Amino acid sequence: MIGLIRVLTTSNEEVLEQHGKLISRLYGVPVISRCIPDQPLGIYNDETEAAAVPKIVELGQSLEAQGCRVLVISCAADPAIRELREKVAVPVIGAGSAASHLALAVGRKVGVMGITDGAPAVMQELLGDRLVTYLQPEEVTNTTDLMTPAGGEKAIAAARRLMEQGVEVIVFACTGFSTIGLADVLRQELNVLVIDAVEAEGLLASALYKQLERERAVV
Numbered sequence: 564m565i566g567l568i569r570v571l572t573t574s575n576e577e578v579l580e581q582h583g584k585l586i587s588r589l590y591g592v593p594v595i596s597r598c599i600p601d602q603p604l605g606i607y608n609d610e611t612e613a614a615a616v617p618k619i620v621e622l623g624q625s626l627e628a629q630g631c632r633v634l635v636i637s638c639a640a641d642p643a644i645r646e647l648r649e650k651v652a653v654p655v656i657g658a659g660s661a662a663s664h665l666a667l668a669v670g671r672k673v674g675v676m677g678i679t680d681g682a683p684a685v686m687q688e689l690l691g692d693r694l695v696t697y698l699q700p701e702e703v704t705n706t707t708d709l710m711t712p713a714g715g716e717k718a719i720a721a722a723r724r725l726m727e728q729g730v731e732v733i734v735f736a737c738t739g740f741s742t743i744g745l746a747d748v749l750r751q752e753l754n755v756l757v758i759d760a761v762e763a764e765g766l767l768a769s770a771l772y773k774q775l776e777r778e779r780a781v782v
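With the working numbering applied, the sequence shown corresponds to residues 564 to 782, in that order.
#1: Which residue or residues does DSSP assign as beta-bridge partners of residue 704?
#2: Give me the residue from 696, 603 and 689 with the minimum Cα distance to residue 727.
#3: Determine contact between the segment 702-710 and the segment 598-613, defined as no fewer than three beta-carbon pairs at a distance below 8 Å.
#4: Taking the alpha helix (DSSP H) that residue 686 falls in, what are its first and last residues?
#5: Would you call the CB atoms of residue 599 and residue 622 closer than 8 Å?
#6: Can you tell which of 653, 652 and 743 has the C-alpha that lies nearest to the C-alpha of residue 712?
#7: Quick one: give me the first and last residue of the beta strand (DSSP E) that residue 676 is part of.
#8: Counting C-beta neighbours from all protein chains within 10 Å, is the total for residue 629 16 or more, i.e. buried, or is it exposed?
#9: What's the gap between the Cα of residue 666 and the Cα of residue 653?
#10: Is residue 733 near residue 674, with beta carbons less than 8 Å apart?
#11: Quick one, which of 750, 638 and 617 has its alpha-carbon nearest residue 583's?
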């Protein structure tokens, strides 16, 4: 089982399971999804990220204890990834670093789109000079802003602006874009290469999980 950590607190099972179901559908692996408590707007600045760190670590340890063989922090800022890796024995994948590595493999001019004032530090560090520009959709400052018709339209408009600046691949710096299914919309409407952070984290996590399962079967 892959344990997926959502940093957006929700009692809506459909929202909670959305990232895990996407990964299961794409890569054929079992995923269990859990969210941290008391953060209904998710992570959208330094303060909310700091508040989330101990919650992510505690939840990750709980998922490991339940038998999860790979953990995924489904947030493009990779919050608490270092702290969690120090506390568990299983691999931990972060959405931001996974998406960035996939973008580097593509080898094109990268534009990043997110919900904060700038791209997450982990993505800036990994992408380096491949990162052409970063855009935040107008009036979108947290994940819940995306879950409206207006939020989706503003995200599409931001993607168009990225393309006008010479971007060849768009990388999502917010997993909320996955929640609203934005990647497929952009691929169809704009005919652009899109790296969805949830798809990227799932690609790496599923590969690790399948390898670990094969090794266990041999033993």
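Cβ coordinates follow ideal geometry from the N, Cα and C atoms, glycine included. Note that the structure is predicted; figures quoted are calculated from it, not measured.
Walking through what the data contain:
#1: Indexing the sequence shown from 1 puts residue 704 at position 141. Answer by DSSP bridge pairing: none, since residue 704 is not bridged.
#2: Walking along the sequence shown from the start, residue 727 turns up at place 164. Checking every option, the nearest Cα to that of residue 727 belongs to 696.
#3: yes
#4: Counting from 1 along the sequence shown, the entry for residue 686 is found at position 123. Segment 684-690, the alpha helix (DSSP H) holding residue 686.
#5: Locating residue 599 in the sequence shown gives position 36, counting from the first residue. Locating residue 622 in the sequence shown gives position 59, counting from the first residue. Yes, these two residues count as a Cβ contact at 8 Å.
#6: Sequence index remark: in the sequence shown, residue 712 carries index 149 (1-based). Out of 653, 652 and 743, 743 has the C-alpha closest to the C-alpha of residue 712.
#7: Counting from one through the sequence shown, the residue named residue 676 turns up at place 113. That run of the beta strand (DSSP E) goes 673-676.
#8: Within the sequence shown, the letter at position 66 stands for residue 629. Counting Cβ neighbours within 10 Å, residue 629 comes out exposed, since fewer than 16 surround it.
#9: In the sequence shown, counting from the first residue as 1, residue 666 sits at position 103. In the sequence shown, counting from the first residue as 1, residue 653 sits at position 90. Taking the straight line from one Cα to the other gives about 25 Å.
#10: Sequence index remark: in the sequence shown, residue 733 carries index 170 (1-based). Sequence index remark: in the sequence shown, residue 674 carries index 111 (1-based). Closer than 8 Å, so yes.
#11: As a position in the sequence shown, residue 583 is number 20, starting the count at 1. For the residues 750, 638 and 617, the minimum Cα distance to residue 583 belongs to 638.
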